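First comes the structure, then the notes that go with it.
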Amino acid sequence: MSNIVWKIKTFDEFTVPELYAVLKARIDVFVIEQNCPYPDLDNSDQKAVHIWAEENGDVLAYCRVFDKGIKYDETSIGRVLTTEKARGKSLGKLLIKYAVETIENRFHTSEIRISAQDYLLKFYGDFGFKDTGKKYLEDDIPHTEMIRK
């Protein structure tokens, strides 16, 4: 996997093929793979900074980050995914590392709140995120709110 390119862009910086590839990856993972019909297009992409790894035009890993006051009082990371063909290659770890760095560099804070799927609590814990105790079902999937200070 030597042709991987990492990209960080605002909504207005997307090319049409990039936007299509990102939306396809999000639907493939969250809607089809997790069998979870939900409104992925939530009018928040326009306010986000998008971070992703691609290879030959295919998205391998993706997330979006938000400044304070958009999703939470703190900055946040959401729509975190690794596509099926890219799993087991540590791209998810690199993605979160880049997301945290992007937040620190662009928004000048390291306080980040996330809504984590419960099976990923240890994964996010390795990056300094702590369980807030707030647990809930989001689209029938168990989630926990986590914070990194």
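Number 103 in full-length UniProt numbering belongs to position 103 of the sequence shown; there are no gaps in the numbering. All residues carry an ideal CB built from backbone N, CA and C; glycine is no exception. Keep in mind that this is a model prediction, so the values were computed, not measured.
Using three-state DSSP, classify residue i as helix, strand or coil.
| i | result |
| --- | --- |
| phenylalanine 66 | strand |
| lysine 7 | strand |
| arginine 26 | helix |
| glutamate 54 | strand |
| lysine 122 | helix |
Which partner residues of residue i appear in the DSSP bridge assignment?
| i | result |
| --- | --- |
| tyrosine 136 | His143 |
| glutamate 13 | Glutamate 13 pairs with nothing; no bridge assigned. |
| threonine 82 | Ala61 |
| aspartate 131 | Met146 |
| valine 49 | Thr10, Val65 |
| serine 76 | Phe66, Arg113 |
So the alpha helix (DSSP H) residue i belongs to, where does it begin and stop?
| i | result |
| --- | --- |
| threonine 102 | 91–107 |
Measuring CA to CA, which of the options is closest to residue i?
| i | options | result |
| --- | --- | --- |
| tyrosine 136 | Gly125, Ser115, Asp126 | Ser115 |
| tyrosine 38 | Asp139, Ile147, Lys149, Glu145 | Asp139 |
At what residues does the beta strand (DSSP E) containing residue i begin and finish?
| i | result |
| --- | --- |
| glutamine 117 | 112–117 |
Check whether chain B comes within 8 Å of residue i, counting only Cβ atoms and requiring the distance to be less than that.
| i | result |
| --- | --- |
| arginine 148 | Given the protein chain composition of this structure (a single chain), no chain B is represented. |
query: Between the stretch 49–60 and the stretch 73–90, do at least 3 Cβ pairs fall closer than 8 Å?
result: Counting Cβ pairs under 8 Å, three or more are found: they touch.
query: Okay, do the stretch 69–80 and the stretch 113–130 touch, 3+ Cβ pairs below 8 Å being the bar?
result: Using a Cβ-Cβ distance cut-off of 8 Å, the stretch 69–80 and the stretch 113–130 are in contact, since at least three pairs of beta carbons, one from each stretch, lie closer than that value.
task: Could you say if the stretch 64–74 and the stretch 105–115 meet the contact criterion of at least three C-beta pairs nearer than 8 Å?
output: Below 8 Å, enough C-beta pairs join the stretch 64–74 and the stretch 105–115 to call them touching: three or more.
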